[in-house]
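Notes follow once the structure below has been shown.
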Amino acid sequence: MSVTNISQRNKTALSLPLRKRKSKMKKLANTSYQIHRLIIPFAIALVFFISIQFLVAQNTGIAYQSARLKDQLSSIIRVKRNFEMNYRDVTNPVSLRMLAEKKGFIIPERVYTIQEYLELPHLVTNNEP
327 MSVTNISQRN KTALSLPLRK RKSKMKKLAN TSYQIHRLII PFAIALVFFI
377 SIQFLVAQNT GIAYQSARLK DQLSSIIRVK RNFEMNYRDV TNPVSLRMLA
427 EKKGFIIPER VYTIQEYLEL PHLVTNNEP
């Protein structure tokens, strides 16, 4: 309906007698009621659908973020374990000894001072008296 048509209808409705005016208004009210009867369920369904989509998207985002956090946490744990293994290997005298023996070094059973180490028999050469 155009705007002029609606305004003409209202003018004619006001020029009619009161009883006919009431029936005309009831028809208009009934028409708007029918329109509302269609629009309101559609709007409710639309809001419901949008909210479901939002919840699904939010849960997908949360799942993606939790997967990323889980990956990051596992990589941190992996790095920590590697560091602990390496640190344990460095501080453990048995593994240090094994590593040195593999490389061909000899580590004495006890720690010597510099003077004691220089006086060890394997360092004495044949040229000394």
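The sequence shown maps to residues 327 to 455 in this note's numbering. For every residue, glycine included, the Cβ atom is placed at its ideal position computed from N, Cα and C.
Would DSSP call asparagine 430 helix, strand or coil?
-> The identity of residue 430 in the sequence shown is glycine, whereas the question assumes asparagine. DSSP places glycine 430 outside both helix and strand once states are collapsed to three, so it counts as coil.
What's the C-alpha gap between lysine 370 and arginine 404?
-> Reading the sequence as shown, one finds isoleucine at residue 370 and not lysine. Distance from the CA of isoleucine 370 to the CA of arginine 404, rounded to the nearest whole angstrom, comes to 50 Å.
Excluding the 5 residues preceding and the 5 following glutamine 391 in the sequence, name in chain order all residues of the same chain whose CB lies nearer than 6 Å to its CB.
-> Result list for glutamine 391: empty, nothing under 6 Å.
From alanine 426 to asparagine 385, what distance separates their C-alpha atoms?
-> Going from the Cα of alanine 426 to the Cα of asparagine 385 covers about 55 Å.
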